[in-house]
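Numbering (this note's numbering), first residue to last: 974 to 1194.
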């Protein structure tokens, strides 16, 4: 199962996390092919910023708006902001800290933890946050966890017809599709889909289908 994923715009590659391991993968949207450029390897051996925070597994990752080399990483009730350098190197720049102390939008939504988080296409300071069978839309403050609740919480299957059609009542992770910012790959157990996100709606573009079949370099998850 894929626990978390992040698209690094600086190198145009993905980081996928599962359990205590990760891999850096070069993948192109619409092609059943991918190439591992690093890993699979232990998070503890490469991600010094996560090691500082004692994050040896992850729930979700999101790029800090306006800072392509910074991400927020979520694990359980906590989060940390880290610098991302090639190969996962980079230091912790804030935290670890409690989500409840710094993300008022998530407190208001009743989200103690984060299963997945996805930027709103065309709105770099907004994101969709998923928790169990619900989601919320929040605003983001650059360099800070401060945020506002824009809509929700609501059931995923009520507002995401693409995921309802795929049978995804919950999701494990979601990540922007390379080169198509309004598209996202969404993972659930051993299945995934590609969806198109539009304001207030979403469309199923591909899947659901097997991760193993279409992502050969994720066979280790």
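The beta carbon of each residue, even a glycine, is placed where N, CA and C say it ideally should be.
7 angstroms CB neighbourhood of residue 1094 in its chain, flanking five on each side removed: 1154, 1155, 1170
Counted within 10 angstroms of its Cβ, other Cβ atoms place residue 985 as buried (16 or more) or exposed: exposed
Residue 1197, enclosing beta strand (DSSP E) - first and last residue: Examination of residue 1197 is not possible in this model, given that the chain is present from 974 through 1194 alone.
Residue-level contact to chain C via CB, residue 1169, 8 angstroms cutoff: The question asks about chain C, but that chain is absent: this structure has only one protein chain.
Assigned exposure category for residue 1192 - 16 Cβ within 10 Å defines buried: exposed
Enclosing alpha helix (DSSP H) for residue 1022 [first to last residue]: 1021 to 1025
Boundaries (first-last residue) of the beta strand (DSSP E) holding residue 1114: Element bounds for residue 1114: n/a, residue is neither H nor E.
Buried or exposed by the 16-neighbour rule on C-beta atoms within 10 Å, applied to residue 982: exposed
Collapsed DSSP secondary structure at residue 1156 in the structure displayed: strand
The segment 1022 to 1032 contacting the segment 1041 to 1057, beta-carbon criterion three pairs below 8 angstroms: yes
Residue 1104 (DSSP reduced to helix, strand or coil): strand
Touching by the beta-carbon criterion (3+ pairs, under 8 angstroms), the segment 1010 to 1025 and the segment 1075 to 1089: no
Anticipated Cβ contact below 8 angstroms, residue 932 with residue 1091, distance rounded: Because the chain is modelled from 974 through 1194, residue 932 falls outside the range shown and cannot be assessed.
Three CB pairs or more closer than 8 angstroms across the segment 1135 to 1150 and the segment 974 to 981: yes
Beta carbon of residue 1084 nearer than 8 angstroms to that of residue 1070: no
Where residue 1018 falls: helix, strand or coil (DSSP): helix
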